[in-house]
Amino acid sequence: MIRSVNTYYYVAARKKLANDLEIHCFSGTGRPQKRGSAGQDLIACFDFAGGFAYRFAMHRLRSLIRPNYAQKISLLATLPLVLAVAAIAALVAYQARTLAEREIQALERQLLQAKKAELRNYVTQARNGFAHIYGPAAPDDAEAKTRVAQMLAAMIYGQDGFFFVYDYEGKNLVSPRQTEFINRNWEGLTDSKGVPVVDEFIRLARQGAGWHSFMWEKPSTGEEAQMVAYVVGLQDWRWAVGTGVFIDDVLASVAAARAETQARVRRTFLYIGAIALAALLIVFGSGMVINIRERRLADAKLKELTQRVFDAQEEERGRVARELHDGISQILVGVRYALDNARRRLARGDHEGAEPPLDKGIDNLGSAISEVRRISRDLRPGVLDDLGLGPALKSLTDDFRERTGIATDFTTVVFRNRLDQNSKIALYRIAQEALTNIERHSGATHVSIDLRGHKKGATMRISDNGRGIRSTPGRPGPGLGLRNMQERIEQLDGNLRILSSRGAQSGTVIEVSLPLSHLLPPQEEPASKRKALP
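First residue of the sequence shown: 0, per numbering that gives the first Met the number 0; consecutive thereafter.
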């Protein structure tokens with residue numbers, strides 16, 4: 000069965016003897032729709048089901064897009080957590096990248112220092128190797144120069160390591176791995192980035208020694224790579240002698256370290272994100288559980304309150320019914336008997352004998368009128384609207400004293416009807432309920448009601464000398480009447496305190512306080528009630 004707001008469709012399928020499938024679609028009125036083939040009817044029903052599913056999904060989507068109050072509170076509670084986690088993640092990432100970059104730069108410096116130390120060692124060994132020739136040779140000793148050049152050309156190492164020699168005019172004298180450079184002048188030569196090469200060699204050689212970094216083709220592969228060279232000068236011969244090493248392995252190590260660092264930072268982000276997501280899920284899950292629990296408690300309280308309202312209505316109806324049956328009904332029955340008696344006597348011509356039954360009937364009618372007024376006053380006292388809370392409470396205590404014989408005192412200050420209407424009704428009903436409980440349960444001999452206003456609002460205090468009740472200090476007990484008092488005063492943002500202890504003659508004190516917000520300023524008082532009694 001597929002239901003919507005106004006229409007529902009019912010699809011019933013049954014097999015006939017010939018395995019024929021018959022589909023019926025009925026509207027909410029019970030009248031069959033216009034039918035085609037079974038397939039058309041089934042498609043129509045499925046189309047309706049799809050439309051219903053689409054509308055339901057859109058309704059759920061709108062409810063998610065427009066969160067309710069509890070969801071807004073959850074979002075406000077989780078937003079600082081999300082921002083804090085994001086800030087922590089950004090700070091951790093920044094610190095991790097900074098520290099890693101420092102470590103990588105330190106690693107790069109260490110590797111380069113190792114390469115430079117290696118180059119310096121190569122040059123020192125080479126110079127020591129031809130020192131016995133260079134030392135005693137004259138500046139124009141061609142034979143000595145040739146022997147040294149041959150020795151340097153033979154000093155090759157590794158896959159791409161070699162020694163080179165340039166004179167101070169830029170002419171290449173030794174280049175064993177790139178022989179096309181020999182006997183050619185390379186003054187002004189630059190690398191692919193525009194960095195001077197040979198001119199820098201000559202400058203460093205004139206200064207004595209130095210390092211130079213530039214781009215150069217690797218002899219083994221022909222690919223361009225970064226090279227670091229160490230150059231020394233043979234001042235007598237005006238030679239720049241040096242060797243270099245390609246540092247692509249160093250750069251590869253640095254790049255690998257940097258990639259590993261970035262991977263670690265990403266993993267850290269993922270870990271933080273996973274932890275944050277788990278925390279958010281826990282928060283949302285806890286919020287959902289608490290929300291569901293609170294809703295269930297609210298539903299249970301609402302059901303309980305509804306039931307209590309029904310019970311109160313039934314109790315009030317029962318009380319009114321008893322009052323009518325036991326009071327007014329009996330009085331009216333007596334009036335009827337008196338009138339019947341008078342009529343019979345008048346029919347017999349006994350006019351003097353008819354007078355006492357008539358007087359009795361008149362007296363009973365007066366009693367019935369008084370009883371009706373009393374019931375009406377209990378349901379809604381007119382004096383509360385006409386004269387104010389003070390006179391209404393005084394009338395209530397006077398009736399209570401006359402009805403029960405319990406000594407009752409009432410004291411108040413001049414309120415001039417400054418309490419709003421809801422507050423007056425609530426205080427009157429609380430006093431009425433309290434007096435009813437005293438009459439039924441306390442066995443008290445004296446009751447006192449005090450009503451007064453003050454700077455913080457208004458307070459009504461009801462005390463008796465009867466048996467106490469079990470209740471938590473400051474909170475009402477389990478009785479329906481006490482709960483009604485508590486709910487009435489809570490609706491007005493007031494406070495209800497009950498001071499009592501279980502035992503004979505221990506007494507009970509009920510104190511009701513209303514905030515200042517329920518006191519009307521004098522200029523807002525109704526003009527018709529400016530002269531109301533206290």
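Don't be surprised by glycine CBs; every beta carbon is placed ideally from N, CA and C. Keep in mind the model is a prediction, meaning the values are calculated, not measured.
ask   = To which residues of the same chain is T260 closer than 6 Å at the C-beta, ignoring the five residues directly before and after it?
value = The answer, listed in chain order, is A99.
request  = Using three-state DSSP, classify A208 as helix, strand or coil.
outcome  = In this structure, A208 counts as strand in the three-state DSSP scheme.
request  = Report, in whole angstroms, the separation of the C-beta atoms of G360 and L338, which I expect to be a contact under 8 Å.
outcome  = Sure, about 5 Å apart at Cβ, within 8 Å.
ask   = In terms of residues, what are the limits of the alpha helix (DSSP H) holding R343?
value = Unbroken alpha helix (DSSP H) run through R343: 329–346.
ask   = Nearest to V231 by alpha carbon, out of H211, G506, S219?
value = Minimum Cα distance to V231 is reached at H211.
request  = Report yes if the CB atom of A204 is closer than 8 Å to the CB atom of A228, and no otherwise.
outcome  = If you check the CB distance, A204 and A228 do not come in under 8 Å.
Helix, strand or coil at T220 [DSSP, three-state] = Coil at T220, not helix or strand.
inquiry  = Please state the DSSP three-state secondary structure of D492.
reply    = Here D492 sits in coil by DSSP.
query = Taking just the CA atoms, how far does A92 sit from T242?
reply = Linking T242 to A92 through their CA atoms gives a straight-line distance of about 42 Å.
task = Return helix, strand or coil for Y167, following the three-state DSSP convention.
result = DSSP, read as helix, strand or coil, puts Y167 in coil.
key: alpha helix (DSSP H) runs wholly inside the region 58–145, at least 4 long, in chain order   = Whole alpha helix (DSSP H) segments, 4+ residues: 68–133.
task = State whether the region 152–167 contacts the region 216–224, with contact taken as three or more CB pairs (one from each stretch) at a distance under 8 Å.
result = Result yes; three or more Cβ-Cβ pairs closer than 8 Å.
message = Mapping the DSSP letters down to three states, classify S447 as helix, strand or coil.
response = Assigned with DSSP and collapsed to three states, S447 falls in strand.
query = Roughly how many angstroms lie between the CA atoms of R295 and L74, to the nearest whole one?
reply = Straight-line spacing of the CA atoms in R295 and L74 works out to 22 Å.
message = Helix, strand or coil for D349? Go by DSSP, reduced to three states.
response = D349 falls in the coil class under three-state DSSP.
query = How about I468 and T507: do their beta carbons lie closer than 8 Å?
reply = Remark: C-beta atoms of I468 and T507 approach each other more closely than 8 Å.
query = Assuming A152 contacts A143 under a Cβ cut-off of 8 Å, what Cβ separation, rounded to an integer in Å, is found between them?
reply = With 8 Å as the limit, A152 and A143 do not qualify as a contact, their Cβ atoms being about 15 Å apart.
message = Output needed for A208: all residues of its chain with C-beta closer than 6 Å, excluding positions within five of it in sequence on either side, in chain order.
response = Around A208: V231.
task = Enumerate, from N- to C-terminal direction, the unbroken alpha helix (DSSP H) stretches of 4 or more residues contained entirely within the region 385–471.
result = As far as the region 385–471 is concerned, its whole alpha helix (DSSP H) runs of at least 4 residues are 388–403, 420–436.
request  = Between the Cα of Y165 and those of I181, V382, I155, A299, spot the shortest distance and give me the residue it belongs to.
outcome  = Out of I181, V382, I155, A299, I181 has the C-alpha closest to the C-alpha of Y165.
One or two residues paired with A228 in a DSSP bridge = A228 is bridged to H211, G243.
task = Work out the CA separation of N421 and V282 for me, nearest whole Å.
result = Roughly 41 Å between the two C-alpha positions.
key: Alpha carbon of R237 to alpha carbon of Q149, nearest angstrom   = About 17 Å.
task = In the DSSP assignment, find the unbroken beta strand (DSSP E) run with I509 in it and report its ends.
result = Start and end: 507–514.
message = Let me check one thing: in DSSP terms, what residues is V173 bridge-paired to?
response = Beta-bridge pairing links V173 to V164.
inquiry  = By the three-class DSSP mapping on this structure, what secondary structure does S285 have?
reply    = Of the three classes helix, strand and coil, the one that applies to S285 here is helix, per DSSP.
Alpha carbon of H453 to alpha carbon of L304, nearest angstrom = Spanning the two alpha carbons is a distance of roughly 33 Å.
inquiry  = For the region 359–375 against the region 329–344, do three or more pairs of beta-carbon atoms, one drawn from each stretch, fall closer than 8 Å, so that the two count as touching?
reply    = Under the three-pair Cβ rule at 8 Å, the region 359–375 counts as touching the region 329–344.
query = Expressed to the nearest angstrom, what Euclidean distance is found between the alpha-carbon atoms of T471 and A95?
reply = Residue confidence is low: T471 scores 49 on pLDDT, short of 50, so the model does not pin down where it sits. No coordinate-derived value is stated.
query = With which residues is T537 paired in a DSSP beta bridge?
reply = Shown here, the chain extends from 0 to 533; a query on residue 537 therefore has no answer.
message = I need the DSSP call for I497, collapsed to helix, strand or coil.
response = Strand, per DSSP.
key: Span separating the alpha-carbon of Q485 from that of L386   = Their Cα atoms are separated by approximately 26 Å.
query = Could you give the distance in angstroms between the alpha-carbon of S516 and the alpha-carbon of L426?
reply = When only Cα atoms are considered, S516 and L426 end up about 15 Å apart.
query = Does the count of Cβ pairs from the region 262–274 and the region 242–253 closer than 8 Å reach three?
reply = The region 262–274 is not in contact with the region 242–253.
request  = Rank E186, F200, N184, F213 by C-alpha distance to the C-alpha of G193 and give the top, closest one.
outcome  = Measuring from the Cα of G193, the nearest candidate turns out to be F213.
request  = Note down the Cα distance separating I291 from K423, rounded to an integer number of angstroms.
outcome  = Within the model, the alpha-carbon separation for I291 versus K423 is close to 38 Å.
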